[in-house]
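Let me begin by presenting the structure, written as structure tokens, before commenting on it.
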Ligand SMILES: Nc1ncnc2c1ncn2[C@@H]1O[C@H](COP(=O)(O)OP(=O)(O)OP(=O)(O)O)[C@@H](O)[C@H]1O
Ligand SMILES: [Mg+2]
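Following this line, the structure appears as structure tokens:
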């Protein structure tokens, strides 16, 4: 599905990713773990074309992504929920969702499906996004990405700062997408959450994928967590 091969990328003269490779299959949840500043967000931004890959290639279903302008990437079926939310805040909830739908020409039935997942947004369609609570904004960011009907979904710490009931809503949404054969890359600090839903785990260290493992292996070898994320 997604194949990232030997990527170098960074900001100005600062190289962050170094020869980074990873893959994710349809219906698979790949979790990225790593210390603050390891390069996890930069990986997602590079896939989205928001940060340019200087070397290597990124392919979605065999087609090059890394040569496309950033606005083309969501149209190929990649939903992105950035770290710390980024919404069109002057706009209403409904308008934000409309942008998601328009990106891939999805109809009203997709909106209905998404609003069924997040009923709280249905009650707030006319509310300006900036007046939503933090947790509601995170729901909206997630809902907007789902309005694309993505083949691949990238989530960057989607549960940061959320209460348990919101966390389980987002977790259920991720699992429902997996059932629908969506490929998922999840950056998450909460190790217990990763262990529950990941198919595979990649530790990112200094802009490289340092180790690939499984939740089962992590359960039995806690030393790995200590070594790569210091917990
Ligand atoms: N716009 C930018 N300009 C310059 N350097 C940046 C920029 N964004 C990130 N960096 C640097 O790139 C490195 C990797 O950052 P990145 O945000 O990818 O880390 P992360 O693994 O997502 O960390 P966290 O867990 O704290 O979110 C850091 O050293 C960071 O300071
Ligand atoms: Mg980050």
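In the working numbering, the protein residues as written are 453 to 683. Beta carbons are placed, not taken as given, at the ideal position from N, Cα and C, and that holds for glycine. Predicted, not measured: the structure shown is a model, and the values here were computed from it.
{"Item": "Proximity of residue 671 and residue 647 at Cβ, strictly below 8 Å", "Value": "yes"}
{"Item": "Same chain, Cβ closer than 8 Å to residue 473, neighbours up to 5 away in sequence not counted", "Value": "456, 457, 458, 459, 508 and 661"}
{"Item": "Closest by C-alpha distance to residue 454, when choosing among 497, 530 and 655", "Value": "530"}
{"Item": "Of the listed residues 479, 466 and 463, nearest to residue 603 (C-alpha basis)", "Value": "479"}
{"Item": "Simplified DSSP assignment, three categories, for residue 552", "Value": "helix"}
{"Item": "Contiguous beta strand (DSSP E) assignments of at least 3 residues, all confined to the segment 592-659", "Value": "604-608, 635-639 and 652-657"}
{"Item": "Alpha carbon of residue 565 to alpha carbon of residue 559, nearest angstrom", "Value": "11 Å"}
{"Item": "The alpha helix (DSSP H) enclosing residue 523, as first and last residue numbers", "Value": "First-last for residue 523: undefined, no H or E at that position."}
{"Item": "Cβ-based burial, residue 548 [other Cβ within 10 Å; buried from 16]", "Value": "buried"}
{"Item": "DSSP-derived helix/strand/coil call for residue 516", "Value": "strand"}
{"Item": "Per-residue burial, residue 554 [other beta carbons within 10 Å of its own, 16 or more giving buried]", "Value": "exposed"}
{"Item": "Contacts around residue 630, its chain only, beta-carbon distance under 7 Å, and the 5 residues preceding and following it disregarded", "Value": "479, 481 and 636"}
{"Item": "Inter-residue spacing [alpha-carbon to alpha-carbon] between residue 657 and residue 680", "Value": "7 Å"}
{"Item": "Reference residue 497, options 599, 532 and 577, closest by Cα", "Value": "532"}
{"Item": "Range covered by the alpha helix (DSSP H) that runs through residue 492", "Value": "492-499"}
{"Item": "Proximity winner among 595, 545, 525 and 540, relative to residue 501 (alpha-carbon distances)", "Value": "525"}
{"Item": "Inter-residue Cα distance where the pair is residue 643 and residue 682", "Value": "12 Å"}
{"Item": "Inter-residue spacing [alpha-carbon to alpha-carbon] between residue 542 and residue 584", "Value": "11 Å"}
{"Item": "Cβ neighbour criterion (16 or more within 10 Å) applied to residue 608", "Value": "buried"}
{"Item": "Environment of residue 518 [buried if 16+ CB atoms lie within 10 Å]", "Value": "buried"}
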